[in-house]
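Numbering (full-length UniProt numbering), first residue to last: 1 to 260.
See below for the structure under consideration.
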Amino acid sequence: MNDFDLDRFAVIADVHGNADALAAVLADIDALGLRSIFNLGDHVSGPLAPRETLALTMAREGMVSIRGNHDRWVVAGGENMYPSDRFARDELDEGQLAWLAALPATRRIGDVFLCHGTPRDDLEYWLETVTPSGDVVFRGMAEIARAAVGVDAGLALCAHTHLPRRVDLPDGRVILNPGSVGCPGYEDVDPVPHVVQTGTPLASYAVVERRGEAWATSFRQVLYDPTRMAGIARAAGREGWARAVSTGWLRGAPVIPPAR
Numbered sequence: 001m002n003d004f005d006l007d008r009f010a011v012i013a014d015v016h017g018n019a020d021a022l023a024a025v026l027a028d029i030d031a032l033g034l035r036s037i038f039n040l041g042d043h044v045s046g047p048l049a050p051r052e053t054l055a056l057t058m059a060r061e062g063m064v065s066i067r068g069n070h071d072r073w074v075v076a077g078g079e080n081m082y083p084s085d086r087f088a089r090d091e092l093d094e095g096q097l098a099w100l101a102a103l104p105a106t107r108r109i110g111d112v113f114l115c116h117g118t119p120r121d122d123l124e125y126w127l128e129t130v131t132p133s134g135d136v137v138f139r140g141m142a143e144i145a146r147a148a149v150g151v152d153a154g155l156a157l158c159a160h161t162h163l164p165r166r167v168d169l170p171d172g173r174v175i176l177n178p179g180s181v182g183c184p185g186y187e188d189v190d191p192v193p194h195v196v197q198t199g200t201p202l203a204s205y206a207v208v209e210r211r212g213e214a215w216a217t218s219f220r221q222v223l224y225d226p227t228r229m230a231g232i233a234r235a236a237g238r239e240g241w242a243r244a245v246s247t248g249w250l251r252g253a254p255v256i257p258p259a260r
């Protein structure tokens, strides 16, 4: 990793077993001439193609990966696994599970810090928060900065919410979430039941360029055909996943009234 390019690189996260979305994103990264990729975890959990996804990921040169909360749960196993984690664990071979188990929770490479949720908790949303009524909203700047205490890197990369977002702290540090490569909508129950849905089926990632002491970032939304992944989800009895992968909406797109 001595030749890792810290001046221009891609950031991906939350593939969730969507091998076709990952393949499309990797092709887009290659078309841009990017040699290096930071991968922020949640690689395989989902009723899609976890084995294919890890085959692509493990074979990719120039990629640095960390683990997400679902990677941790897939490795741990047990009787009370979520169905998507169980699906992934049952599909992976021993070598792939060992690779997941060896991933660190965080990494620091040069002036870049990698985590999945926040630096201290892979289950915590860094740039968003959930209201008591279940709305997912922008987290207050004071709370965002508080979670960044102790991170002295100029660029902090996070994931977990699947929502692409950049926040610049007053001291010049940048926090960046690239969005999700393979899962544009999901449900969660912590801290209260809520839904996250991006409203687009496109695969999301980010491109970062170092310009002096500043960071230039851009979000990429990559078109791919989700038909195969949706079919696998439906065959597994997971219609919600099929709908989210196909449309970007977990509970259906909003009804738009006709123009008057």
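Glycine included, every Cβ here is placed at the ideal spot set by N, Cα and C.
Name the DSSP beta bridge partners of residue i, please?
i	result
HIS194	ASP188
ALA209	This sequence places Glu at residue 209; Ala is not what is there. Looking at the DSSP assignment, GLU209 forms a beta bridge with ARG8, ALA216.
LEU157	LEU114, LEU176
MET141	Paired residue(s): none; MET141 is not in a bridge.
GLN221	SER204
ARG166	LEU176
MET63	ILE37
THR129	VAL137
Assuming residue i and residue j make a contact with CB atoms under 8 angstroms, what is their CB distance in whole Å?
i	j	result
ASP7	GLU209	7 angstroms
VAL44	TYR205	Not confirmed; about 17 angstroms, so no contact.
PHE4	GLY62	7 angstroms
VAL196	VAL25	Actually they are not in contact, since the Cβ atoms of VAL196 and VAL25 sit about 19 angstroms apart, beyond 8 angstroms.
ALA203	TYR224	6 angstroms
PHE38	LEU157	6 angstroms
PRO47	ALA236	4 angstroms
ILE66	ALA105	6 angstroms
Here's a check: name, in chain order, each residue in its chain whose Cβ is nearer than 6 angstroms to the Cβ of residue i, leaving out the five neighbours to either side.
i	result
GLU124	GLY117, THR118
ALA147	THR118, TRP126
PRO226	PRO201, VAL245, SER246
VAL15	LEU22, HIS43, THR53, VAL181, GLY182
Just to confirm, does residue i get its C-beta within under 8 angstroms of one of the non-hydrogen atoms of the ligand NAP?
i	result
ALA59	In the structure shown, the ligand NAP is absent, as is every other ligand, since no ligand is present at all.
Does residue i pass the burial test, meaning 16 or more other C-beta atoms within 10 Å, or should it be called exposed?
i	result
TYR82	exposed
ARG72	buried
ILE232	buried
THR161	buried
THR131	exposed
PHE87	buried
GLU91	buried
CYS53	In the sequence as presented, Cys is not what sits at residue 53; that position holds Thr. Under this definition THR53 is a buried residue.
ARG139	buried
ALA159	buried
MET1	Note that MET1 has pLDDT 44, beneath the 50 cutoff, so the model's placement of it is unreliable and the number below is only indicative. Flag for MET1 reads exposed.
GLY179	buried
ALA31	exposed
In its own chain, which residues sit with a C-beta less than 7 angstroms from the C-beta of residue i, not counting the 5 before and 5 after it?
i	result
ALA242	ALA230, ALA233, ARG234
HIS70	ASP42, SER45, ASP85
VAL151	PHE113, PRO119
GLY248	PRO184, GLY185, GLN197, THR198, GLY199, THR200, PRO201
Considering only residues of the same chain and omitting the five flanking positions on each side of residue i, which have a CB-CB separation below 8 angstroms?
i	result
SER56	The sequence given here has Leu at residue 56, not Ser. Contacts found: ALA19, LEU22, ALA23, LEU26.
LEU97	VAL74, VAL75, ARG89
GLY154	ASP111, VAL112, GLY172, ARG173, VAL174, GLU213, TRP215
Within the chosen definition, does the region 210–218 reach the region 184–200 through at least 3 CB pairs nearer than 8 angstroms?
no
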